[in-house]
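First to last, the protein sequences are chains A and C. Its first residue numbered 1, the first sequence is counted upward by one per residue in the numbering used here. Its first residue numbered 1001, the second sequence is counted upward by one per residue in the numbering used here. Positions of the beta carbon are idealized from the N, C-alpha and C atoms, including for glycine. Only one structure is covered here, and it is reproduced in the block below.
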Amino acid sequence: MKRSWVITTIIVVALGGWLGYSYNTRAQNGGGTQMTAVGSTALQPLVEAAGEEYAGKHLGVFINVQGGGTGTGLSQVQTGAVTMGDSDLFAEEKEGINAKGLVDHQVAVVGITPIANKDAGIKELTQAQLIQIFTGKITNWKQVGGKDLAITLLNRASGSGTRAVFEKWALKGAESAPAPEQDSSGMVRSIVATTPGAISYVAFSYADKSVQKVAIDHVEPTVANVTTNTWKIWAYEHVYTKGQPKGQVADFLNYLQSEKIQNTVVPQLGYISIHDMHVQRKADGQVINK
Amino acid sequence: MDEIRESLLKTSIATKKERIGKTLSISALLLIAIVVVSIFYFVASKGLATFFVDKINFWDFMTGKTWNPSVNGANGKPETGALPMIVGSFLITVLSAIIATPFAIGTAVFMTEISPKYGAKILQPVTELLVGIPSVVYGFIGLTVVVPFIRNIFGGSGFGILSGTIVLFVMILPTVTSMTVDTLRSVPQYYRESALAIGATRWQAIYKVILRAATPGILTAVVFGMARAFGEALAVQMVVGNAAIMPGNLISPAATLTSVLTMGIGNTVMGSMQNDVLWTLALILLLMSLVFNIIIRLIGKKGELK
C-alpha cells in the first residue's frame, strides 16, 4: 500500500515535471522556426535528408517531415495546417484542390519505369503493347515475344502519385484494368521480383537488379533520357506552400533547390536534379526546351 | 461537548476519500463515453456526407460492383460500388472463423480437460505468445511464405481470399483459444463429477456435458475472433491483393474494407468525394463492430448460468 503510493507520487511528479519543462521550453523547440512538411512518401526521404542538414547548420530550426500521401500533403497545406505540402503531382492535377493560392516549388525530378519479373523474358515493349497489357487486352507474355506465361498486373493504390504519372505518360491517359494494388514502391518491387509474369512500375530509385526494367519503343529508362524528355514517364517532385514563403521557410526551399543539395543528396537518393533538366514541363503537360 | 458534536457531524476522511474516488472514476467513465460518442459522430458525419452532400445513391453504393471513385461510370456518376469489399471482408472473416474454431476448441479441450498440466505449462504461454506478435509480422510471413505456397499449389498470383484467410486464421486462433479455455475452466467442477459418477467416459463427459455447458462462451469467443478478423487491416492488406473486384474464387485477388481504406486515405483530399466514400467504408466497419458487440452481449445473456 505504502509502496504503491510512493511509485504513484514519483510517476505523477515526473510527468508533471516533464510537461512543465516542455511548456517552458516550447519557445526554443517550436516558436517561429518550426516547419512541418507532410505528403508524398516518394519525396519524404529527400526533404528529410535535406531538412537534417539544414537544421544542423541553423540552430533552433526544426523541420518535421511526415508522409501521408500526396492528397494529404496538398489538402493540409491548403487549409494551412502545415507549412509545406509534398506532392508528386501538380496541384492542378489533383481533384478537390484549388491550385490558386498555392505556390509550387519543384525540388527534384523522378523518373518512373515499368518493371517486369525476370522470368517474363522481355526487355522492351512498344508503348502500344504496354497500354494493351495494362488495359488487360494482352494477357500472356508470349503475345509480345516473351515466354508462354500469364501476365500478372500489379498497380499502386488508386490516387497514388506514381500511378497517376504512369497512367498519364506511359498509358497515354488510359485507365489500368482492375488489378491487385499495393501501397508502397518497395512492396511492388519485391512482389514483381518474386511473382512469375508480374509487371508493374516504380521510380528509378526502386528499380534494382531483382527486376527487369522495360524499355519502351527502344528508349532505355535512364536519367540522361529523362533530362531530354526522350523518356517521357517522369514527374516533378513538388513542395507547395500557401502563398509565397517567408523567412526560414523560403530559405529552406532555396536550400533544397541549391546546387549543393541538387548535386549531392538528390542523386544519392535516386532523384534527378532539376538543374540537369534540358526541358521544362508545365502543369498542362506542355513541354518546352529550357 | 461541542467538539464531539462537531467531529461527529464533520465528514470523515474516509468519506472524503470515497467522494474523491467516486468523482475520479465517474469522470474517467464520462471521458471515455465522450470519446466514443465523438468518434461515432465524426465518422458518421463524414461517412454520411457521401449520400447527403455528394448525392450518391445508397443502394448503388451498397450493391455496385465497380469501385473506382475517381472515375465517372456509364451513368455519369462516380463508380462507388462497395460490394466487392464488403463481400471480401465477410468472406475472409467467416472463413477464418470456420477454420479457427475447431482448432481452438481442440486446443482448449486438451488444455483444460485432457492434460491440464501440460496445458498450463506449455500451451498457455505458446498461445499467449501468438497474441503478442505484431500484425505486420503476420503479414510479412504471409507475403513471403503463404502467398508463394498458394501460388505454387493453386496457380494464379497467390494473392487472394485464401491467403488472407490463412493469415487471419493464425491471427485469431490465440484469441479464440484463450477465451474458450476461460469458458471451459468456468464450467463448474460438479458437472464433470456428476457426469463421471453416472458412468460417462471422459469423452462423453467432454462432448455431452462440458462443451454443451460452455457453448454460449465458445460462441462468444468465436464472435470475438470474427470481430478481430473483420477489423484487421495491415496483415490482410499485404496478402489479399487489394483489387476491388468481386472475388470470383478464393485465389483471385480481392479487397477488404480495411485494405481499401488504409491504401486510399492518404491519397485523397479531405472533404472531397473520394475521401468521403472512404469514410463511408469506415462507418460500415464501425457499425459492424457494433453489431459484433451486440451479438456477443446477446449470446452472453442467453447463456447465463442461473
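- Chain-order list of residues whose beta-carbon lies under 6 Å from that of A/A179 (same chain, five-residue window excluded): L153, N155
- Note down the Cα distance separating A/V77 from A/T41, rounded to an integer number of angstroms. The straight-line gap from Cα to Cα measures roughly 16 Å.
- Message: Which same chain residues end up closer than 8 Å to A/G31 when comparing Cβ atoms and leaving out the 5 residues on each side of it in sequence?
- Response: With a pLDDT of 48 at A/G31, under the threshold of 50, the modelled position of this residue cannot be trusted; read the value that follows with caution. Closer than 8 Å at Cβ, skipping near neighbours: no residue.
- Query: Among A/L149, A/V287, A/I115, which residue has its Cα nearest to the Cα of A/V214?
  - Reply: A/I115
- beta strand (DSSP E) runs wholly inside the stretch 168–241 of chain A, at least 3 long, in chain order: Whole beta strand (DSSP E) segments, 3+ residues: 198–203.
- Task: Report yes or no: is there a C-beta of chain C within less than 8 Å of the C-beta of A/I7?
- Result: no
- Message: For A/L74, would you say it is in contact with chain C, using Cβ-to-Cβ distances shorter than 8 Å as the test?
- Response: yes
- Query: How would you list, in chain order, the residues of chain C whose beta-carbon sits under 7 Å from the beta-carbon of A/G69?
  - Reply: G1266, N1267
- Item | Members of the stretch 170–187 of chain A that neighbour chain C once the beta carbon cut-off is set at 8 Å | E175, P178, A179, P180, E181, Q182, D183, M187
- Message: Between C/P1116 and chain A, is the shortest Cβ-Cβ distance under 8 Å, so that the two count as touching?
- Response: no
- Task: Show which residues of chain B have a CB atom less than 7 Å away from the CB atom of C/M1179.
- Result: Among the protein chains of the structure shown, namely A and C, there is no chain B.
- Message: What ranges does the beta strand (DSSP E) occupy inside the stretch 30–90 of chain A, keeping only unbroken runs of at least 3 residues that lie completely in it?
- Response: Whole beta strand (DSSP E) segments, 3+ residues: 34–39, 62–68, 84–87.
- Message: I'd like to confirm the pairing. Which residues does DSSP put opposite A/D104 in its beta bridges?
- Response: A/Y240
- Query: What's the call for C/E1232, buried or exposed, on a 16-neighbour Cβ count within 10 Å?
  - Reply: buried
- Query: If you follow the alpha helix (DSSP H) that C/V1071 is part of, which residue opens it and which one closes it?
  - Reply: For C/V1071, no alpha helix (DSSP H) run applies; the uninterrupted beta strand (DSSP E) run containing it begins and ends at 1067–1072, by DSSP.
- Query: Quick one: is A/N29 buried, meaning 16 or more other Cβ sit within 10 Å of its Cβ, or exposed?
  - Reply: For A/N29, the predicted model reports a pLDDT of 49, less than 50, meaning its position is unreliable; a value from the coordinates is still stated below. With fewer than 16 other Cβ atoms within 10 Å, it is exposed.
- Using DSSP with H/G/I as helix, E/B as strand and the rest coil, what is A/Q286? coil
- Distance, C/T1107 Cα to C/W1203 Cα: 15 Å
- Item | Contacting residues, own chain, Cβ-Cβ under 6 Å from C/E1113 (five flanking each side not counted) | I1206, listed in sequence order.
- Kindly list, in the order they appear in chain A, the residues whose Cβ is closer than 7 Å to that of C/M1270. S75
- Other residues of its chain near C/M1226: CB distance less than 6 Å, five sequence neighbours each side excluded: T1093, A1097
- Thinking C-beta only, is A/T83 closer than 8 Å to A/M35? yes
- Query: Quick one: what does DSSP say A/I272 is sitting in, helix, strand or coil?
  - Reply: strand
- Inter-residue Cα distance where the pair is A/K290 and A/D104: 18 Å
- Message: Let me confirm a value: A/G68 is counted as buried when at least 16 other C-beta atoms fall within 10 Å, else exposed. Which label applies?
- Response: buried
- Whole-angstrom Cβ separation of C/I1161 and C/L1257, contact assumed at under 8 Å? Between C/I1161 and C/L1257 the beta-carbon gap is near 14 Å, outside 8 Å, which marks them as no contact.
- How far does the alpha helix (DSSP H) with C/E1079 in it reach, from first residue to last? Going by DSSP, C/E1079 is part of no alpha helix (DSSP H) but of the beta strand (DSSP E) stretching over 1078–1080.
- List the residues of chain A that C/M1085 touches, going by C-beta distances under 9 Å, in chain order. What C/M1085 touches in chain A: nothing, since even the nearest Cβ is about 12 Å away.
- Of all the residues that make up the stretch 148–159 of chain A, which are near chain C by a beta-carbon distance shorter than 7 Å? Here the close residues are T152, A157, S158, G159.
- Message: Rounded to whole angstroms, what is the Cα-Cα separation between C/V1035 and C/L1285?
- Response: 17 Å
- Task: Could you please tell me which residues of the stretch 95–118 of chain A, in chain order, have their CB closer than 8 Å to any CB of chain C?
- Result: E95, G96, I97
- Query: For a contact meaning CB atoms closer than 9 Å, what does C/N1068 contact in chain A?
  - Reply: Within chain A, the residues near C/N1068 are S158, E175, P178.
- Item | Proximal residues of chain A, C-beta to C-beta of C/G1241 below 7 Å | P180
- Item | Segment limits, beta strand (DSSP E) that includes A/Q280 | 279–281
- Query: Name the residues in the stretch 1125–1157 of chain C whose C-beta lies less than 9 Å from a C-beta of chain A; which are they?
  - Reply: L1143, T1144, V1147, P1148, R1151, G1155, G1156, S1157
- Three-pair Cβ contact test at 8 Å for the stretch 227–235 of chain A versus the stretch 264–278 of chain A: yes
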